[in-house]
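Residues 14 to 379 in the numbering used here are what the sequence shown lists, from first letter to last. We put the beta carbon where it would ideally sit given N, CA and C, even for glycine.
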Amino acid sequence: MFSADGLFGEFAYLLPCLVAACFSACLWVYSYFYLEETVTDLPDHPVRTYLRSIFCGRSTRETSTGTESQPLIGNHPTDTDRHFTAEDLLEKRDRRDSLSLMAAEGIHDYEIEHTHVDTILQTEADTHTNSSTAQRPSIAEPSMTLTQAIFRPQILLILFIAFLFGFVQTASNELFPLWSMMPMSIGGLAFTTDQISLCVTTMGIGLLIYTSIFFPTICRHLGVIQMYQLGVLLSAVVMAVVPFFHGIRTHVVSDAWFWTLLLSVFVGRAVAMPSCFASLTIMLQNSTTQHVGALSGVFSSVIALSQSLAPILGGSVFAYMSSGGFAFPFDYHFMFLMCGVLCIVGFVTSFKLSQSVTSRAIVTTR
């Protein structure tokens, strides 16, 4: 596309870096003017106030009265005074049922504060109005430090699963280009950079369409735990299937069939990865209402740690197994199959997660 003597021809990675930098700059500009500060006692900068008045039509920021130990959404004083629709009340009843289940199972020793949601629902049906108000169902949760919050069983499970997910995601990103560019004689696909780009582009388009259109609806019907389980199982299948495309390319005469199958696998990967990551993020947010921001930082740090280890461990093991002359499955298949096994471990571990992580409860500390 570009001349070999030109700037982008000489520096092949400059263009994607510039594109990524442009996206980051746009997000920074948007967040600077439109995102509100969650730490409410910080003074607003006069320059930001002036620029906000020009671009946003307001000179003051909208802040809530919450603190870091409280949820960013839900404890605002006006939440208990707002009007609820019938759909809101149905959601309340579902949440109350889940809280009752938690109480029956003895999870976290929560004290359930029962509400008269059924009565409110009946009143709503009789009057056919949306003016009824009700207190959100709440539970009394002991105040805890950040360390205590991190070492809660549900949080530890989510962090462990996130570590496995981050490792598999990065390892798969690193392994496919290495393996696909290997010669056919030693088990690779002998791909060129253009062919690898086609695979990655297909996955990117599939990811964009899936996350923006299909994921919210599917997650709403299945719930975050089942959504994660679906994504991690699909990831296991993808990781186990990919190395066998060497045999498919060797025995399949038609290139059209080969590329159809390969790109279908990449579309499946585009569905699996965001399903896992988004579901884990939602489960973490629902697992506690204290130190939410700090726990999100710990969550990101755990994933970053696993992503830093994946290229070192995954690449080293893959290179050793590929060049060691070992028989199946200890050849170039090994690391792909190991990533599939890690996905299965994450799938099995997810059954230990409580159903309480599927929805956020309004909690008061005591």
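Here residue 279 is near residue 212, since their CB atoms are less than 8 Å apart. Our two residues, residue 240 and residue 292, have alpha carbons roughly 7 Å apart in a direct line. Within 10 angstroms of the beta-carbon of residue 277 lie fewer than 16 other beta-carbons, which makes it exposed.
Under the 10 Å beta carbon count, residue 256 is surrounded by 16 or more other beta carbons and is classified as buried. CA-CA distance, residue 250 to residue 353, rounds to 7 Å.
Pairwise C-beta distances place the region 335 to 346 out of contact with the region 203 to 217, as fewer than three of them are shorter than 8 Å.
Shown here for residue 324: same chain residues with a beta carbon closer than 7 Å to its own, the five before and five after excluded, namely 183, 187 in chain order.
Rounded to whole angstroms, residue 360 and residue 321 show a C-alpha spacing of 22 Å. For residue 268, the enclosing alpha helix (DSSP H) begins and ends at 268 to 300. The beta carbon of residue 19 sits closer than 6 Å to none of the beta carbons in its chain outside the five residues before and after it.
Taking 8 Å as the cut-off, the beta carbon of residue 237 is found closer than this to the beta carbon of residue 295. In the structure shown, residue 340 adopts coil according to DSSP, grouped into three states. From the listed residues 310, 260, 267, 170, the smallest Cα separation to residue 363 is found for 170.
If you ignore the 5 residues before and after residue 318, its C-beta comes within less than 8 Å of the C-beta of 176, 179, all in its own chain and listed in chain order. Taking a C-beta distance under 8 Å as the contact criterion, residue 275 and residue 258 qualify as a contact pair. Of the residues assessed, residue 42 falls on the exposed side of the cut-off, its CB having fewer than 16 other CB atoms within 10 angstroms. Taking C-beta atoms as the reference points, residue 165 and residue 301 count as a pair closer than 8 Å. Setting aside the 5 residues that flank it on each side, residue 231 is surrounded in the same chain by 240, each with a C-beta closer than 7 Å to its C-beta; the list follows chain order. Residue state for residue 26 is assigned as coil, using DSSP reduced to three classes. Excluding sequence positions up to five before and after residue 247, its CB lies within less than 7 Å of the CB of 281, 284, 285, all in the same chain and listed in chain order. In the three-state reduction of the DSSP assignment, residue 259 falls in the helix class, which pools H, G and I.
The same chain holds no residue with a CB closer than 6 Å to that of residue 48 once the five nearest residues on each side in sequence are set aside. Annotation: the continuous alpha helix (DSSP H) that includes residue 362 extends over 347 to 362. Non-local C-beta neighbours of residue 207 in its own chain, meaning closer than 8 Å and more than five positions away in sequence, are absent.
The three-state secondary structure of residue 366, taken from DSSP, is coil. In this chain, residue 164 is not harboured by any alpha helix (DSSP H), its DSSP state being neither H nor E. Measuring C-alpha to C-alpha distances from residue 287 to each of 368, 228, 350 identifies 228 as the nearest. In its chain, beyond the 5 residues on either side, 243 have a beta carbon closer than 8 Å to the beta carbon of residue 235. For residue 228, the enclosing alpha helix (DSSP H) covers residues 228 to 235. For the pair residue 327 and residue 348, the Cα-to-Cα distance works out to about 7 Å. Contact annotation, residue 167 with residue 370: C-beta distance approximately 6 Å; criterion of less than 8 Å satisfied.
By alpha-carbon distance to residue 209, the top candidate from 157, 309, 192, 233 is 192.
When only Cα atoms are considered, residue 254 and residue 157 end up about 45 Å apart. When DSSP states are grouped into helix, strand and coil, residue 324 belongs to the helix group. In the structure shown, residue 312 falls within a helical segment according to DSSP collapsed to helix, strand and coil.
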